[in-house]
Structures are given as structure tokens and as C-alpha cells.
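Using full-length UniProt numbering, the letters of the sequence shown correspond one by one to residues 1 to 119.
Presented below is the structure to which this report refers.
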Amino acid sequence: MTMQECYKAIGGNYEAVLGRLHSEALIQRFTLKFLEDQSYLQLKQALENKNYEDAFRSAHTLKGVCQNLSFDRLYEVSNELTELLRDRTGEKPGIPESMEKVTEVYEMTIEEIKKGLSH
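If you want it as C-alpha cells, here you go:
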């Protein structure tokens with residue numbers, strides 16, 4: 001699987017990231033680094049602890065990383081969650097459902113990246 005095929009599988013925008021990073025090798029390197037990014041795990045932990053300040057920060061970081069890498073599908077769901085957490089109170093309706101969507105897309109993204117990089 002090429003990086004371009006991997007991006008298609010995860011709902012990313014390969015042309016946009018190629019325009020930013022200019023080479024498949026760099027895209028692959030930063031995509032590999034994404035597998036080590038702790039934002040999602042920190043987000044999950046912060047929500048479990050009802051620490052909405054940290055949850056917002058982690059969601060915002062995840063959103064930014066996804067935007068930089070043009071992981072559009074994951075960017076969209078993490079952006080939605082970021083906005084629900086923006087007031088840092090955890091009182092906005094829909095946070096658990098939004099986190100479920102982030103988890104679903106995040107896990108699919110990680111799985112496809114691992115699949116794509118193992119070939």
C-alpha cells in the first residue's frame with residue numbers, strides 16, 4: 001500500500017499533505033510519528049478523570065496534528081469534540097458521543113497506517 005492509498009483508506013487528503021511536506025518520505029516519517037503521539041490517550045484519560053481543561057488541550061492538540069497531516073476524517077471528529085470541550089466545563093451535551101466517534105475514527109486510522117506501513 002502506498003502512502004497515497006493509505007491516505008485514501010483513512011479519509012485523508014494526500015495532495016494537501018504532499019503540498020505541505022513535498023515528499024512521500026517526509027509524509028511517511030510524520031505518519032509514523034503519529035503512531036507515537038500521545039494526544040488521544042491523554043484525551044481519553046482526561047475525560048475519564050473529568051479533567052476538562054486537559055481534555056480540551058489534548059483534543060485541540062490531536063485536531064492540530066490531524067490538520068497538519070491532512071488526516072481530514074480524524075480532524076473533523078476531533079474538531080467537533082474540541083468545540084464541545086472549549087468551555088472546559090464538560091457540560092455541553094454530546095461529549096461522550098463525540099468521543100466515541102473520535103475513538104472509532106482514531107482506531108481505524110491507526111490500523112490503516114500500520115497496515116500501510118507494513119507493506
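Where is the CB? At the ideal position from N, CA and C, for every residue including glycine.
Going by the beta-carbon positions, is the gap between residue i and residue j smaller than 9 angstroms?
i   : j    : result
E78 : K63  : According to the sequence provided, residue 78 is Ser. The question's Glu does not apply to it. Against a cut-off of 9 angstroms, the Cβ pair of K63 and S78 comes out as a contact.
K4  : Y14  : For the record, residue 4 in the displayed sequence is Gln; it is not Lys. Going by C-beta atoms, Q4 is nearer than 9 angstroms to Y14.
S70 : G12  : yes
Q45 : D54  : yes
C6  : E104 : no
A9  : G116 : yes
L43 : L81  : yes
T31 : L74  : no
K50 : G94  : no
I65 : S39  : As written in the sequence, residue 65 is Val, which differs from the Ile given in the question. Yes, these two residues count as a Cβ contact at 9 angstroms.
R20 : F56  : no
Secondary structure at residue i, three-state DSSP: helix, strand or coil?
i   : result
R73 : helix
Q28 : helix
L18 : helix
R86 : coil
S23 : coil
Q38 : coil
K44 : helix
N49 : coil
K63 : helix
E80 : helix
For residue i, is the beta carbon positioned less than 8 angstroms from some heavy atom of the ligand HEM?
i   : result
P96 : This structure does not include the ligand HEM; it has no bound ligands of any sort.
Does the Cβ of residue i have 16 or more other Cβ atoms within 10 Å, making it buried, or fewer, making it exposed?
i   : result
A25 : exposed
L85 : buried
L47 : buried
S58 : buried
Just curious, the alpha helix (DSSP H) that residue i is in, first and last residue?
i   : result
S98 : 95–117
M3  : 3–10
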